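Below: one structure, written as structure tokens.
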Amino acid sequence: MISVSAKPKVFGHLLLEVIRSNRCVACGSCASICPVDAISLIDGIPKLSGKCTACGSCYLSCPRVEYDFAGLEEGTLGRRRNPGEAVNGIILGAYAVRSLRTDVLEHAQDGGAVTSVLLSLLNKNSGAIMAGRDKKKGWFPIPVLARDEKTIIGCAGTKYTSTTMLLALKEAEGGDLDSVSFVGTPCQIHALRRRQQQKKDNTLAVGLFCMETFDYDRLMAYLMEQGVDPGKVSKFEIRSGKFIARMGVDAPFEVKIRRLKELSRPCCRVCQDYTSELADLSMGNIGSPEGWSTVLVRSEKGRAALNAAEKAGLVEVKSLSDYPPGMSLVDKLADMKKRENRGKPLDQ
Ligand SMILES: Cc1cc2nc3c(=O)[nH]c(=O)nc-3n(C[C@H](O)[C@H](O)[C@H](O)COP(=O)(O)OP(=O)(O)OC[C@H]3O[C@@H](n4cnc5c(N)ncnc54)[C@H](O)[C@@H]3O)c2cc1C
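Put into structure tokens, the structure is as follows:
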């Protein structure tokens, strides 16, 4: 009997299962891995712009198709989580971290842990992929491949909307880099790990905590309706259940975060990962005192990167258990995200 191997799923499947069903996170993974450059992101939507060779790489690198998450975790972090790790995944250590450099703290969102780790790994053959801002569009995030301190520090701070981060990996592959660090939201880290299953690389994954991202145009329109000029905002923050826009010496604009639910991207409403469970290092602010970053170490590679930043005198590192409720607050929010988004239809 002749055995017929199953045909790979291709872009047409992505169109049906992900793009047209509002699950696409617009990370750019499909376009970044296509070997014949047949996929482009137009206004954040993947489109077939060249001749598809039906290799299936785009489907296999997508973070929003159905796939074996536990298998990906094992392939990435060396084992599957045990029942006690159901809420937040594999964690080797939990810390409160703060930069020791004033130039970093001036630009950072919280304790500047992300920026400090990127700085400590910087050398002439390394690069860091992070989200910068499109100067023409104010707060619109763009993927940036940085190779110097000034660019890394300039990209610090949170943009609460999303961008095609994986496209910068393609740029990195085309150059002379020996190592790359990649910063992303949980869905972007899933995409990175799916991509690494096909295209092995030694990228360090620095994942951010994330409850949701907002639709850029809708968020900006909402702010303008409220009399807030996004061009005058120096920092956006989410703190104590409020979304805050800080504008220099003027009084900040504040609104309860739950009132902004309808501005979140529909694709976020099925995500069950709050703390970037597949990253080498996961970073947020929840659980740590104001001005510090919470850092979860998930792999030996992540541990080495945090140790390097500490050894270089870039950060101070304390145990998160010194700051109760610390980790139990992280667990609470991660559990809340899982429960809220489990089995939720995308049209809500
Ligand atoms: C959309 C979003 C939602 C978040 N929600 C939460 C939350 O609910 N709870 C919580 O504790 N923390 C959340 N965070 C993480 C938090 O805002 C800080 O990024 C984190 O505490 C690290 O602070 P830091 O001072 O160490 O980072 P910094 O040193 O300021 O560095 C931040 C890094 O993140 C990169 N970055 C910023 N925005 C994006 C983006 N949109 N996509 C990819 N990379 C980006 C920057 O380029 C920079 O490299 C969220 C982050 C994002 C992007």
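Under our numbering, think of the first position of the sequence shown as 4, with each following residue one higher. All residues carry an ideal CB built from backbone N, CA and C; glycine is no exception. Predicted model, so just to flag it, every value in this text is computed and none were measured.
Item to check | Distance cut-off 6 Å: VAL39 Cβ against heavy atoms of ligand 1 | outcome: Residue mapping note: residue 39 aligns to position 36 of the sequence shown, counting from 1. No, since every heavy atom of ligand 1 falls outside the 6 Å radius drawn around the Cβ of VAL39.
Checklist entry - In the region 189-236, which residue ranges form an unbroken beta strand (DSSP E) of at least 3 residues, counting only runs that do not cross its ends? => result 207-211
Checklist entry - Ordered along the chain, which non-local residues of its own chain (more than five positions away) have a Cβ less than 6 Å from that of GLN275? => result Position 272 of the sequence shown, counting from 1, holds the residue named residue 275. Correct list, in chain order: LYS341, ASN344.
Next on the checklist: Could you tell me the alpha carbon to alpha carbon distance between PRO292 and ARG272, rounded to whole angstroms?
Outcome noted: Locating residue 292 in the sequence shown gives position 289, counting from the first residue. Locating residue 272 in the sequence shown gives position 269, counting from the first residue. The straight-line gap from Cα to Cα measures roughly 28 Å.
Next on the checklist: Let me check understanding here. Comparing Cα to Cα, which of VAL100, ILE36, ILE94, GLY81 lies closest to GLU313?
Outcome noted: Counted from its first residue, the sequence shown places residue 313 at position 310. Check the Cα spacing between GLU313 and each of VAL100, ILE36, ILE94, GLY81: the tightest is with VAL100.
Next on the checklist: I want to know whether the region 282-297 touches the region 66-76 - three or more CB-CB distances under 8 Å.
Outcome noted: Contact fails: fewer than three Cβ-Cβ distances are below 8 Å.
Checklist entry - Sorry if obvious, but does the Cβ on MET214 come closer than 6 Å to a heavy atom of ligand 1? => result Looking up residue 214 in the sequence shown gives position 211. For ligand 1, at least one heavy atom lies less than 6 Å from the Cβ of MET214.
Checklist entry - Which value, in whole angstroms, describes the spacing of the CA atoms of TYR98 and SER324? => result For this step, residue 98 is matched to residue 95 along the sequence shown. For this step, residue 324 is matched to residue 321 along the sequence shown. Near 8 Å, if we compare the C-alpha coordinates of SER324 and TYR98.
Checklist entry - If you draw a straight line from the alpha carbon of ASN144 to that of GLU215, how long is it in whole angstroms? => result Position 141 of the sequence shown holds residue 144. Position 212 of the sequence shown holds residue 215. According to the sequence shown, residue 144 is Pro rather than Asn. Roughly 15 Å between the two C-alpha positions.
Checklist entry - Which whole-angstrom value describes the C-beta separation of ALA116 and LEU207, a residue pair presumed to lie in contact below a C-beta threshold of 8 Å? => result Start at 1 with the first residue of the sequence shown, and residue 116 comes out as number 113. Start at 1 with the first residue of the sequence shown, and residue 207 comes out as number 204. Not really, about 14 Å apart at Cβ, beyond 8 Å.
Next on the checklist: With distance defined between alpha-carbon atoms, name the residue in MET133, ARG262, ARG268 nearest to THR154.
Outcome noted: For this step, residue 154 is matched to residue 151 along the sequence shown. Selected option, being the one with the closest Cα: MET133.
Checklist entry - Which residue or residues does DSSP assign as beta-bridge partners of ILE42? => result Indexing the sequence shown from 1 puts residue 42 at position 39. LEU51, per the DSSP bridge assignment.
Checklist entry - Using the C-alpha atoms, what's the distance from ASP253 back to ASP220? => result Taking the first residue of the sequence shown as position 1, residue 220 is located at position 217. Taking the first residue of the sequence shown as position 1, residue 253 is located at position 250. Whole-angstrom Cα-Cα distance: 24 Å.
Item to check | Burial state of LYS140 (16 or more Cβ within 10 Å) | outcome: Reading the sequence shown from its first residue, position 137 is the one you call residue 140. That one is exposed.
Item to check | N- and C-terminal bounds of the beta strand (DSSP E) containing THR297 | outcome: Start at 1 with the first residue of the sequence shown, and residue 297 comes out as number 294. 296-300 is the extent of the beta strand (DSSP E) around THR297.
Checklist entry - Just reading off the alpha helix (DSSP H) that SER32 is part of, what are its end residues? => result Sequence index remark: in the sequence shown, residue 32 carries index 29 (1-based). Note, SER32: alpha helix (DSSP H), 32-36.
Item to check | ALA194 vs CYS58 beta-carbon contact at 7 Å | outcome: Sequence index remark: in the sequence shown, residue 194 carries index 191 (1-based). Sequence index remark: in the sequence shown, residue 58 carries index 55 (1-based). No.
Checklist entry - So what does DSSP say about PRO292, is it helix, strand or coil? => result As a working note, residue 292 is residue 289 in the sequence shown. PRO292 falls in the coil class under three-state DSSP.
Checklist entry - Beta carbon of PHE217, beta carbon of LEU266: below 7 Å? => result Counted from its first residue, the sequence shown places residue 217 at position 214. Counted from its first residue, the sequence shown places residue 266 at position 263. Going by C-beta atoms, PHE217 is nearer than 7 Å to LEU266.
Checklist entry - From which residue to which residue does the alpha helix (DSSP H) around ALA131 run? => result Within the sequence shown, residue 131 is the residue found at index 128, counting from 1. First-last for ALA131: 129-136, but that is the beta strand (DSSP E), not the alpha helix (DSSP H).
Item to check | Residues of its chain near GLN112, where Cβ-Cβ distance is below 6 Å and the 5 sequence neighbours each way are ignored | outcome: As a working mapping, residue 112 is identified with position 109 in the sequence shown. So the qualifying residues of the chain are GLY160, THR161.
Next on the checklist: Does the region 27-43 come into contact with the region 81-90, if we say contact requires no fewer than three beta-carbon pairs (one atom in each stretch) closer than 8 Å?
Outcome noted: no
Checklist entry - CB-CB under 8 Å to LEU44, same chain, minus the five flanking residues each way: which ones, in chain order? => result Mapped onto the sequence shown, residue 44 falls at position 41. Excluding residues within five positions, the ones whose Cβ falls inside 8 Å are ALA29, GLY31, ALA34, LYS50, THR167, LEU170.
Item to check | Secondary structure of GLN351, DSSP reduced to three states | outcome: As a first step, residue 351 is located in the sequence shown; it is residue number 348 there, counting from the start. Because GLN351 carries a pLDDT of 37, less than 50, the predicted location of this residue cannot be relied on, and the following value inherits that uncertainty. Three-state result, GLN351: coil.
Checklist entry - So, helix, strand or coil for GLU240, using DSSP? => result As a working mapping, residue 240 is identified with position 237 in the sequence shown. Strand.
Checklist entry - If you draw a straight line from the C-alpha of PRO269 to the C-alpha of GLN191, how long is it? => result In the sequence shown, residue 269 corresponds to position 266, counting from 1. In the sequence shown, residue 191 corresponds to position 188, counting from 1. Roughly 16 Å between the two C-alpha positions.
Next on the checklist: The alpha helix (DSSP H) that contains MET168, what's its start and end?
Outcome noted: Taking the first residue of the sequence shown as position 1, residue 168 is located at position 165. It is not in any alpha helix (DSSP H) - MET168 carries neither H nor E in the DSSP assignment.
Next on the checklist: Does TYR98 come out as helix, strand or coil in the three-state DSSP assignment?
Outcome noted: The residue you call residue 98 lines up with position 95 of the sequence shown. Of the three classes helix, strand and coil, the one that applies to TYR98 here is strand, per DSSP.
Next on the checklist: Taking the straight line between their C-alpha atoms, what separation do you get for MET339 and ARG301?
Outcome noted: As a working note, residue 339 is residue 336 in the sequence shown. As a working note, residue 301 is residue 298 in the sequence shown. Going by the C-alpha atoms only, they are around 21 Å apart.
Item to check | Cα-Cα separation between GLU319 and GLY114, rounded to whole angstroms | outcome: Residue mapping note: residue 319 aligns to position 316 of the sequence shown, counting from 1. Residue mapping note: residue 114 aligns to position 111 of the sequence shown, counting from 1. Approximately 10 Å between the Cα atoms of the pair.
Item to check | For LEU317, three-class secondary structure by DSSP | outcome: Within the sequence shown, the letter at position 314 stands for residue 317. Coil at LEU317, not helix or strand.
Next on the checklist: At a cut-off of 6 Å, would you count LYS10 as near ligand 1, judging by its Cβ distance to the nearest heavy atom?
Outcome noted: In the sequence shown, counting from the first residue as 1, residue 10 sits at position 7. It does not: the Cβ of LYS10 is nowhere closer than 6 Å to a heavy atom of ligand 1.
Next on the checklist: For a quick check, are the C-beta atoms of PHE212 and TYR277 less than 7 Å apart?
Outcome noted: On the sequence shown, residue 212 is found 209 positions in, with the first residue counted as 1. On the sequence shown, residue 277 is found 274 positions in, with the first residue counted as 1. For PHE212 and TYR277, yes; Cβs fall inside 7 Å.
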